[in-house]
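Residue numbers (the numbering used here): -11 to 199.
We treat Cβ as the ideally placed atom computed from N, Cα and C, and that holds for glycine.
The next block holds one structure in the form of structure tokens; read it before the comments.
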């Protein structure tokens, strides 16, 4: 069973991403603040849910959330700052979109949301000094397999996955030969063979070894 919060009596945001291992398309992040009392019986890590269940949960999450946000980071930015930094940047941008802002953030994975070294702040949305200070002022906790432990991270994983799938369905119409509607940009045999046959597109991540 998922735990509702890591810290109780706080405005706590869970955040997660989808699409890190893809050869094409964006990495997509979501952040969700859930109310103190809520009921989403089907909610779980998006990877453990069917597409039908994720689509059923999406409007429910959006309706009950205190606040939620979704961000796509495009392939050219992924190539510029690498997939890890792009994933973190997507989650950081989501946090800044939340209203109200959270008091605490829980993040799926083992990497801190805010690096101690610096922000990768050279491409895409450029954070202002105020935005960077704001992000640094909110404490965060990274939780391995957090999307299968905490409701807000699971909700974020569902939104990230469903919004990214919708994005891939849209660009599939532009390049149907890669069948992104089915493989969502992941390195399936079919996708890799299509790259060999047709070459790459503006949506492919040129820095990835398989490309």
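Inset, instruction - Go ahead and pull the three-state DSSP assignment for residue 150. - result: The answer is helix: DSSP assigns residue 150 an H, G or I state.
Inset, instruction - Decide yes or no for the touch test of the region 67 to 81 against the region 17 to 32: beta carbon pairs closer than 8 Å, at least 3 of them. - result: By the C-beta criterion, the region 67 to 81 is judged to be in contact with the region 17 to 32, since at least 3 inter-stretch pairs fall below 8 Å.
Inset, instruction - Kindly indicate the opening and closing residues of the alpha helix (DSSP H) around residue 50. - result: It spans 39 to 52 - the alpha helix (DSSP H) in which residue 50 sits, taken as one unbroken run.
Inset, instruction - Answer yes or no: do residue 125 and residue 101 have a C-beta to C-beta separation smaller than 8 Å? - result: Against a cut-off of 8 Å, the Cβ pair of residue 101 and residue 125 comes out as no contact.
Legend entry - Where the beta strand (DSSP E) through residue 12 begins and ends: Here residue 12 belongs to no beta strand (DSSP E), and DSSP marks it neither H nor E.
Legend entry - Residue(s) in a DSSP beta bridge with residue 6: Checking the DSSP bridge columns, you'll see residue 6 partnered with 16.
Legend entry - Identity of the residues DSSP links to residue 188 by a beta bridge: Partner(s): none; residue 188 has no beta bridge.
Legend entry - Whole-Å CB distance - residue 168 paired with residue 9, under 8 Å assumed: Actually they are not in contact, since the Cβ atoms of residue 168 and residue 9 sit about 14 Å apart, beyond 8 Å.
Inset, instruction - Use the C-beta contact count for residue 103: other C-beta atoms within 10 angstroms, 16 or more gives buried, fewer gives exposed. - result: Around the beta carbon of residue 103, a 10 Å sphere encloses fewer than 16 other beta carbons of the protein chains shown; the residue is thus reported as exposed.
Inset, instruction - Select from 187, 194, -1 the residue whose C-alpha is nearest the C-alpha of residue 90. - result: Nearest of 187, 194, -1 to residue 90, Cα basis: -1.
Legend entry - Anticipated Cβ contact below 8 Å, residue 112 with residue 61, distance rounded: Their Cβ separation, rounded to whole angstroms, is 7 Å, which keeps residue 112 and residue 61 in contact under 8 Å.
Legend entry - residue 0 (DSSP reduced to helix, strand or coil): Judged by DSSP in its simplified three-state form, residue 0 adopts strand.
Inset, instruction - Determine the direct distance from the alpha carbon of residue 172 to that of residue 157, and round the result to whole angstroms. - result: If you draw a straight line from the Cα of residue 157 to the Cα of residue 172, it is about 8 Å long.
Legend entry - Best match in 26, -5, 3, 177 for proximity to residue 85 [C-alpha to C-alpha]: When each option's Cα is compared against that of residue 85, the closest is 3.
Inset, instruction - Classify residue 158 as helix, strand or coil using the three-state DSSP reduction. - result: Judged by DSSP in its simplified three-state form, residue 158 adopts helix.
Inset, instruction - Report all residues from its chain with a CB closer than 8 Å to the CB of residue 66; omit the five preceding and five following residues, and keep chain order. - result: Hits under 8 Å: 14, 15, 74, 193, 195.
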